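All residue numbers in the sequence shown are consecutive under the working numbering, ending with 569. Beneath this line is the structure, given in structure tokens, with notes to follow.
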Amino acid sequence: MTQKLHDNERIKIQSNFLRGNLVEGINDTTTGSFHPDEVQLVKFHGLYQQDNRDRRAERKQQKLEPLYSFLLRARLPGGVVTPEQWLEIDRIAEELTDAGSIRITTRQTFQYHGIFKRNLKSVFQELKFKANIDSIFTAGDVNRNTICTSNPEQSELHTEVYELSKKISEHFLPKSNAYAEIWLDGEKVLETEEEPIYHNIFLPRKFKIAVALPPYNDVDIHANDLNFIAIIENNKITGYNVVVGAGLGMTHGDKTTFPRLGDDFGFITADKVMEVAEAVVTTQRDLGGRVSRSHARTKYTLETHGIETFKKEVEKRAGITFAAPGAYEFTERGDRIGWVKGIDNKWHLTVFIENGRILDFDGKPLKSGLVKIAKVHQGTFRMTANQNLVIASVPESEKDNIEKLARECGLIDDGTSEQRIDSMACVSLPTCPLAMAEAERYLPSLTDDVEGLLAKHNIAKDHIILRITGCPNGCGRAMLAEIGLVGKAPGRYNLHLGGDRIGTRIPKMYAENIDETTIVSTLDELIGRWATERTENEDFGDFVIRAGIIAEVVVAARDFHA
8 MTQKLHDNER
18 IKIQSNFLRG
28 NLVEGINDTT
38 TGSFHPDEVQ
48 LVKFHGLYQQ
58 DNRDRRAERK
68 QQKLEPLYSF
78 LLRARLPGGV
88 VTPEQWLEID
98 RIAEELTDAG
108 SIRITTRQTF
118 QYHGIFKRNL
128 KSVFQELKFK
138 ANIDSIFTAG
148 DVNRNTICTS
158 NPEQSELHTE
168 VYELSKKISE
178 HFLPKSNAYA
188 EIWLDGEKVL
198 ETEEEPIYHN
208 IFLPRKFKIA
218 VALPPYNDVD
228 IHANDLNFIA
238 IIENNKITGY
248 NVVVGAGLGM
258 THGDKTTFPR
268 LGDDFGFITA
278 DKVMEVAEAV
288 VTTQRDLGGR
298 VSRSHARTKY
308 TLETHGIETF
318 KKEVEKRAGI
328 TFAAPGAYEF
338 TERGDRIGWV
348 KGIDNKWHLT
358 VFIENGRILD
368 FDGKPLKSGL
378 VKIAKVHQGT
388 FRMTANQNLV
398 IASVPESEKD
408 NIEKLARECG
418 LIDDGTSEQR
428 IDSMACVSLP
438 TCPLAMAEAE
448 RYLPSLTDDV
458 EGLLAKHNIA
468 KDHIILRITG
478 CPNGCGRAML
488 AEIGLVGKAP
498 GRYNLHLGGD
508 RIGTRIPKMY
518 AENIDETTIV
528 STLDELIGRW
538 ATERTENEDF
548 GDFVIRAGII
558 AEVVVAARDF
568 HA
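Below is the structure:
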């Protein structure tokens, strides 16, 4: 008996290549929301329908519908924008969003929060016509924003992987004109449309691609369905290792779901990247599950059909044979905060932005400060997959002025600890509809607590990769942290331990459904043991495994829930 497909499959097929009834929905002024079918469709256009959960009870009492608004995520492969674009991005946030902020994400782009439906078309049009930025396919069952290593020191190599990420992004854009028709008042296309890569069914689930430039794993390769890891010889990229089937999402209480590391299929030369990328995507299109959304990512396709079956299908479709993997080593994945000089003799300033939230805070006018910098900056801005920002390609003559402006607005703060720099969270409450617990709003105080514990145990200069995700979908990449917290209920989290510093090991659950006080007391004991029992230069994640505090996750399908 054939299993019934998930209803999202019906929505995609009946949508007329992602049009649905979106135009009617936009014009319906009786509600701030869309019809449930269109709520799914707007994702493909880069939108998520949300509401302010802090105000739900108040609105209900007033007999009003929830305060609906939309998140818009920009398509920005490689995360690079010009100062001119930055000024427009800032202006749109100020004039057309309720939040007024720019949020740098773990997908190396920015998103707006709090766009009311009446302003949606204006945001789309201002972004496209003033900043030349769109949001096509930054959500939905397609290839999302393609990310790449943002290391500014290796300027020539960075340019190569950045150009590749743009090429990949362009290759997987839709052929349909629906986006332009609906949002940009573009001309309606009358001829029959086709999607040669996606067909009318698109992919079973979201699909993430990253290009990594060792020794930096800032893109967290094991969070992505498909990774191209640059193999470097004599300071030249000779080709790429292809790592397939990673992903961090899971479902609470469902032991058939789990985070998973990717499998290295082997080495390909640089001229075969596009063929292999398309082969992996179309293999997932045809073999991926479409019955259960929670089992539809590429990682489960590999588990269901077998790694070799998937790999051989990719080789067949791409017309290649994978060679033995090339040699590479990851040594770090955090951003190098501060100034570095590239081989092009330009300077690059990486600034830490807590939670990626660019707003004018008390004593830290980050948003207006970046406007001042954008007005004089001659290079580019590069967003990182760690939610930070690189003010890139600063000539020697402008370095002092950029530093002065950055210090004035708090973008440079010599008091920021390594622990704070190595801590990250997703947005979560109050806007994310999936959030079960706080993440972005909890991270600063939890980081304060961890800093205090490190100082208490006389290791204040040490640091631990700490991440919070407000639900098990994993946007905060907590399942690649040394300490990972996953939201379970308001004020309660599952505590995971045992990831490694470079992002190549999944942490295992140590304590379930614990409150914030218990989290801190538990970490107090563990950090105390680490301080006194560790071997020389032993990282926290390595220590908790060696000391027998937590078992190592080697094969996720077997070990994660064991």
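Ideal Cβ positions, reconstructed from N, Cα and C, are used throughout, including at glycine. All values reported here derive from a predicted model rather than from experimental measurement.
Same chain only: Cβ atoms within 6 Å of residue i, ignoring 5 sequence neighbours per side
| i | result |
| --- | --- |
| residue 354 | 346, 348, 401, 406 |
| residue 421 | none |
| residue 39 | 75, 124 |
| residue 279 | 327 |
| residue 224 | 337, 340, 509, 510 |
| residue 486 | 255, 266, 513 |
| residue 434 | 447 |
| residue 566 | 560 |
Cut-off 7 Å between Cβ atoms - residues of its own chain near residue i, not counting five sequence neighbours on either side
| i | result |
| --- | --- |
| residue 289 | 204, 324 |
| residue 30 | 189 |
| residue 27 | 44, 45, 48 |
| residue 202 | 24, 181, 182, 183 |
| residue 381 | 90, 93, 94 |
| residue 191 | 131, 132, 135 |
With 16 other Cβ atoms within 10 Å as the buried cut-off, status of residue i
| i | result |
| --- | --- |
| residue 513 | buried |
| residue 50 | buried |
| residue 447 | buried |
| residue 240 | exposed |
| residue 455 | exposed |
| residue 214 | buried |
| residue 276 | exposed |
Under the three-state DSSP convention, the category residue i falls into
| i | result |
| --- | --- |
| residue 355 | strand |
| residue 473 | strand |
| residue 120 | strand |
| residue 400 | strand |
| residue 459 | helix |
| residue 387 | strand |
| residue 112 | coil |
| residue 76 | strand |
| residue 434 | coil |
| residue 145 | coil |
| residue 503 | strand |
| residue 341 | coil |
| residue 395 | coil |
| residue 336 | coil |
| residue 566 | helix |
| residue 561 | coil |
| residue 58 | strand |
| residue 372 | strand |
| residue 553 | helix |
| residue 320 | helix |
Alpha carbon of residue i to alpha carbon of residue j, nearest angstrom
| i | j | result |
| --- | --- | --- |
| residue 397 | residue 508 | 22 Å |
| residue 107 | residue 127 | 15 Å |
| residue 55 | residue 477 | 16 Å |
| residue 428 | residue 385 | 27 Å |
| residue 220 | residue 237 | 5 Å |
| residue 307 | residue 482 | 18 Å |
| residue 8 | residue 298 | For residue 8, the predicted structure reports a pLDDT of 47, less than 50, and the residue's modelled location is therefore unreliable. A value from the coordinates is still provided. When rounded, the distance between both Cα atoms is 13 Å. |
| residue 254 | residue 367 | 34 Å |
| residue 149 | residue 408 | 42 Å |
| residue 527 | residue 505 | 17 Å |
| residue 497 | residue 440 | 13 Å |
| residue 525 | residue 70 | 38 Å |
| residue 551 | residue 284 | 37 Å |
Cutoff 8 Å; reference residue i; Cβ partners in own chain excluding five residues on either side
| i | result |
| --- | --- |
| residue 184 | 193, 194, 195, 196, 200 |
| residue 258 | 264, 301, 479 |
| residue 312 | 294 |
| residue 65 | none |
| residue 82 | 53, 116, 140, 141, 142, 143, 144, 145, 152, 176 |
| residue 569 | 558 |
Residue i: first and last residue of the uninterrupted alpha helix (DSSP H) it sits in
| i | result |
| --- | --- |
| residue 46 | 43-51 |
| residue 138 | 127-138 |
| residue 538 | 523-540 |
| residue 173 | 162-178 |
| residue 186 | 185-190 |
| residue 213 | First-last for residue 213: undefined, no H or E at that position. |
| residue 99 | 90-103 |
| residue 406 | 406-415 |
Residue i, enclosing beta strand (DSSP E) - first and last residue
| i | result |
| --- | --- |
| residue 281 | Counting along the chain, residue 281 falls outside any beta strand (DSSP E), though it belongs to the alpha helix (DSSP H) covering 280-294. |
| residue 236 | 233-240 |
| residue 495 | 490-496 |
| residue 30 | Where residue 30 is concerned, there is no enclosing beta strand (DSSP E), although the alpha helix (DSSP H) it sits in stretches over 29-34. |
Any non-hydrogen atom of the ligand HEM closer than 7 Å to residue i Cβ
| i | result |
| --- | --- |
| residue 483 | The ligand content of the structure shown is nil, which means the ligand HEM is not present either. |
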